[in-house]
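Have a look at the structure below, then the notes.
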Ligand code: GDP
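Residue numbers (the UniProt record's numbering): 79 to 531.
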């Protein structure tokens, strides 16, 4: 069948149901049982699975089912979007495509501390990151191994350094990690290096002594980036590993290795959810070039274990946009635009990620773009504006004229905003509604579309 695995099972769940316009709690509950199995299959840690399911359930119940998709497909889309959101983290800055989100914009030499369990791919990732910084940023990089416990660990890094043309700190037999770190920083200052990558000793399990040693190195060099390297194959342990390292050492990013393998990548979700620290990079092979920015979409697709799901979801998303656009065009043709319409539009903007995206999507909207821009739709304001509208009664949303001063005060308080903000939103709506009315005068839907072309 075309939809195996999770989406197949979900379709099964919903095939039994008669079509309805919104998702009920029973629908969602049944679907979530399947989602739970899929997440556990993908090695997402149990506490994270529970939290995720609870969150998605709340989001899904009562959601409108788009005309052209099944409720099962609708749930898949909601689950997928929630996975991407959790993996990406809301507050994360867009990663710099060159530096992949690694922060080296500080007074040189900038130390980067690499931590993780033995065999996670720490040494390999250190060299890969070094190579990236050297070639893309044209920075002078020094690699130093602090692993004095595993035989030949320092030699391994030296070999990778030779392969990539990156300098490595000369080995001094018998020197301990903190002393090596000190020497590395000294050497870096003397040699005019921009970045020093410190590859710490791997551990087989969480080991208090080694952890304390990494913490001591961190105290000494005060890195801006401390990257935890973990194998994508890591299962239920991911939560323990990530939270231990985060508590004892403090991490600023996660490097997920062996994403090229057949793991489904649940570890990424577990670690992200538990630490709140972003996954910044992924290792996608053994070669030095096999390093990539973290792609939440790709990993979410893998966790759901369905190539088809992603395209299905994308199709569903397009459908939503089309239906919204159609509805919007119809309302516009009627010259109508109330606060419910504005709310729908704000949500659409949020979903699309930017104002231009929305405007570009609406048929021939380019001529209106300027007018819209003048009304100052600002992405950062959107959640606040949404809150304002949600604090109004339905009647107020349909007929904003009835909103008096006392209600504005309540609406501002209810939405955690201010009265000037409420006024600004009402003003903005008024301007947009005027545009809509004016457009209608220019001659119905057909005339409108012609005019907008
Ligand atoms: P360390 O003990 O944490 O320093 O791990 P190493 O860097 O020595 O890596 C252990 C093994 O994993 C080596 O054979 C690497 O080539 C391999 N490795 C590291 N990263 C990746 C990756 O992203 N993909 C694949 N396929 N192999 C990797």
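No residue lacks a Cβ here, since even glycine has one placed at the ideal position from N, Cα and C.
(request) Report buried or exposed for residue 206, applying the criterion of at least 16 other Cβ atoms within 10 angstroms of its Cβ. (result) buried
(request) Please state whether DSSP places residue 336 in a helix, a strand or coil. (result) In the three-state scheme derived from DSSP, where H, G and I count as helix and E and B as strand, residue 336 is classed as coil.
(message) So, under 8 angstroms CB-CB, residue 417 and residue 464 are touching, yes? Tell me the CB distance rounded to an integer number of Å.
(response) With 8 angstroms as the limit, residue 417 and residue 464 do not qualify as a contact, their Cβ atoms being about 11 angstroms apart.
(request) Determine, using beta-carbon pairs with one atom in the segment 183–190 and one in the segment 341–357, whether at least three such pairs fall under 8 angstroms. (result) no
(message) As a quick exercise: from 101, 111 and 123, pick the residue whose alpha carbon is nearest that of residue 313.
(response) Nearest C-alpha to residue 313: 123.
(message) Assuming contact is defined by CB atoms lying nearer than 8 angstroms, are residue 236 and residue 249 in contact in what I supplied?
(response) yes
(message) Just to confirm the assignment, what range does the beta strand (DSSP E) spanning residue 358 have?
(response) 357–361
(message) Is residue 358 a contact residue of the ligand GDP, with contact defined as CB to any heavy atom under 7 angstroms?
(response) no
(message) I'd like to know if the segment 321–329 and the segment 295–313 are in contact, where contact means that at least 3 CB-CB pairs between them fall below 8 angstroms.
(response) Taking 8 angstroms as the limit for Cβ pairs, the verdict is that the segment 295–313 does touch the segment 321–329.
(message) Based on DSSP bridge pairs, tell me the residues matched to residue 416.
(response) Paired residues: none, contrary to the question.
(message) Could you compute how far the alpha carbon of residue 238 sits from the alpha carbon of residue 365?
(response) 10 angstroms
(message) From the DSSP secondary-structure annotation, give me the bridge partner or partners of residue 303.
(response) Paired residues: 190.
(request) Indicate whether residue 334 and residue 308 have their beta-carbon atoms separated by less than 8 angstroms. (result) yes
(request) Pick out the complete beta strand (DSSP E) segments inside the segment 246–286, 3 residues or longer, and give them in chain order. (result) 273–277
(message) Give me, in chain order, the residues of the same chain whose beta-carbon lies closer than 7 angstroms to that of residue 218; leave out the 5 immediate sequence neighbours on both sides.
(response) Listed in chain order, the non-local C-beta contacts of residue 218 below 7 angstroms within the same chain comprise 270, 271 and 272, local neighbours out to five positions each way being set aside.
(request) Evaluate the contact criterion for the segment 368–381 versus the segment 472–481: three or more CB pairs, one atom per stretch, below 8 angstroms. (result) No: fewer than three Cβ pairs fall under 8 angstroms.
(request) Return the bridge partner residues of residue 219 from the DSSP annotation. (result) 273
(message) Taking contact to mean 3 or more Cβ pairs, one atom from each stretch, closer than 8 angstroms, check whether the segment 151–166 and the segment 100–109 are in contact.
(response) yes
(request) Please classify residue 514: is it buried, with 16 or more other beta-carbons within 10 angstroms of its beta-carbon, or exposed? (result) Within 10 angstroms of the beta-carbon of residue 514 lie 16 or more other beta-carbons, which makes it buried.
(request) Report back the beta-carbon spacing between residue 263 and residue 295 to the nearest angstrom; my notes put them in contact at under 8 angstroms. (result) Between residue 295 and residue 263 the Cβ distance is about 10 angstroms, and since that is not below 8 angstroms, they are no contact.
(request) Using 7 angstroms as the cut-off, classify the Cβ of residue 326 as near or not near the heavy atoms of the ligand GDP, replying yes or no. (result) no
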